[in-house]
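Sequential numbering of the sequence shown, starting at 556, is according to my numbering. Every residue gets a Cβ at the ideal spot worked out from N, C-alpha and C, and that includes glycine. Since the model is a prediction, treat every value here as computed from it, not as a measurement.
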Amino acid sequence: MRQSSQPLSLLFLSTPVGVLGTGEGGGVELTIKNLAQDLRQTQHQVTIVAPQGSQLDGIPIQPISGNLQVAAQGETREAPIQLPPNSVLANMCDYIRQVQSQYDLIVNFAFDWLPFYLTPFFTTPIAHFISMGSMNDALDEIMEQTATRFPKTLGVYTKTQAETFPFADACRCLGSGLDLSLYDFSEQSNDALVWLGRISPEKGLEDAVAAAQEVGRRLKIFGVLQDKAYWQWIRDQYPQAPIEYGGFLSTTELQQEIRHCRALLMTPRWVEAFGNVAIEALACGVPVISYRRGGPAEIIRDGETGFLVEPDRVEELVKAIHRIEEIDRWACRQQAEEEYSLSALRDRFLAWFDEILDSRNT
Ligand code: HBI
């Protein structure tokens, strides 16, 4: 049996919806990057199989060509499983099949049917990290079959996320983490509010814009402009709102922008699986005001590191903004250090990997 102190050779299967480094892959891009960098620094080997053009500092990437997968959150629950012609996901799966014997474990980050379906056809074990809540019936079904046939192999961010699936009890909660040395604490702040994320309807940006307009404070917005029609609709609805769109920034640039802001607003319409942006803000000492829903509801300490308010109620966001001075910015940074360090994230993932490998070898 493997000794848990031995270095592992890991093959990561990235999300097939976007090129790593562009932000199109959402929060899971940051999770993949953080984990891969940290595991490599602690003597493990990590190779990432990802769509062509992907880049991550200092991490070997095996680029795969082909057409990207359509994002699952834009589809209906009943949608049949789809692959485009020359599917990058299918090509990625074919590649990992060919090289699997060189690795101890494959870690799948794709929220897609194919890697789950293929699991029994592989000789190398596959750990599946599920990056969103339940979206599609066919996907739920294959995930559940995987959980039954290969117990312990499903990982999620949070308990709330797991509870959206019929197989919640089979999911292992792994949380998230950051390289906290990349985020500088700022005791001082200006009056501006900030909103971070992919600009797409499930993120509810319009409520943050409405709240900013109501309190007359600037709202800085950063993230990939995924749905242009949605963005235009927001601008038409709130032509006078004091908003500034700053594009998609690197971690270094982003933290320089957010750490001087008064608060981060999170307005998810869906069950946000985690909300990496919440811990990025906390790491800078920025309190988070969020709807009490999904991952943010498990992260934010209400009244201590931000406020959790009734979902879909702009007036509740407004009330919380008026109370923001009650929050001690240092408490925010401290929470990030206590709960969301990279070493803690790595330990949780390694314990999960060990359990999967041990159950295979006994
Ligand atoms: N959709 N089909 C599909 N596959 C993914 O891997 C996927 C997705 N939508 C979003 C997504 N991954 C990431 O943005 C996560 O961070 C949520």
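Should residue i go down as buried or exposed, given a rule of 16 or more other Cβ atoms within 10 Å for buried?
i, result
"R704", "exposed"
"I636", "exposed"
"P842", "buried"
"M556", "Note that M556 scores 49 on pLDDT, short of 50, meaning its location in the model is unreliable and no value can be drawn from it."
"F676", "exposed"
"W885", "exposed"
"P794", "exposed"
"E922", "The question about residue 922 has no answer here: the residues shown for the chain are numbered 556 through 917."
"N691", "buried"
"N831", "buried"
"D918", "There is simply no residue 918 to check, as the chain begins at 556 and stops at 917 in what is shown."
"Q610", "exposed"
"D593", "buried"
"T822", "buried"
"G802", "exposed"
"A784", "exposed"
Going by DSSP in three states, residue i sits in which element: helix, strand or coil?
i, result
"Q787", "helix"
"I972", "Residue numbering for the chain in the displayed model covers 556 to 917; residue 972 lies beyond these limits and cannot be assessed."
"K588", "helix"
"Y672", "helix"
"R632", "coil"
"F916", "What sits at residue 916 in the sequence shown is Asn, not Phe. Helix."
"M556", "Below a pLDDT of 50, predicted positions are generally treated as unreliable, and M556, at 49, falls in that range; the measurement from the model is reported next regardless. If DSSP states are grouped into helix, strand and coil, M556 belongs with coil."
"R772", "coil"
"P956", "Nothing about residue 956 can be read from this structure; the chain reaches only from 556 to 917."
"A796", "coil"
"M698", "helix"
"T602", "strand"
"M821", "strand"
"L733", "strand"
"C728", "strand"
"A627", "helix"
"Y738", "coil"
"I834", "helix"
"P565", "The question names Pro, yet the displayed sequence has Leu at residue 565. L565 falls in the strand class under three-state DSSP."
"S689", "coil"
"L751", "strand"
"D883", "coil"
"A665", "coil"
"P918", "There is no way to answer for residue 918, as the model of the chain reaches only from 556 to 917."
"Y650", "helix"
Whole angstroms is fine: what's the gap from residue i's alpha carbon to residue j's?
i, j, result
"T715", "A818", "24 Å"
"G710", "F684", "5 Å"
"A899", "L669", "30 Å"
"L513", "L590", "The chain is shown only over 556 to 917; residue 513 falls outside these bounds and no answer can be derived."
"T708", "F666", "14 Å"
"R856", "Y672", "39 Å"
"N641", "N622", "6 Å"
"A838", "L735", "7 Å"
"D762", "S731", "26 Å"
"L565", "A796", "47 Å"
"A693", "E633", "8 Å"
"I619", "E865", "43 Å"
"Q596", "G771", "46 Å"
"H877", "L820", "13 Å"
"I587", "Y658", "17 Å"
"P639", "Q624", "7 Å"
"F904", "N663", "13 Å"
"I697", "L568", "18 Å"
"G752", "G849", "15 Å"
"V604", "R652", "12 Å"
"Q787", "V764", "13 Å"
"Q600", "A717", "29 Å"
Could you give the C-beta distance for residue i and residue j, rounded to a whole number, given that I count them as a contact under 8 Å?
i, j, result
"D782", "S755", "5 Å"
"Y800", "I776", "5 Å"
"I834", "I854", "7 Å"
"Y712", "A852", "Between A852 and Y712 the Cβ distance is about 12 Å, and since that is not below 8 Å, they are no contact."
"A767", "L774", "4 Å"
"I844", "A891", "Not quite, the Cβ-Cβ distance comes to about 16 Å (not below 8 Å), so this is no contact."
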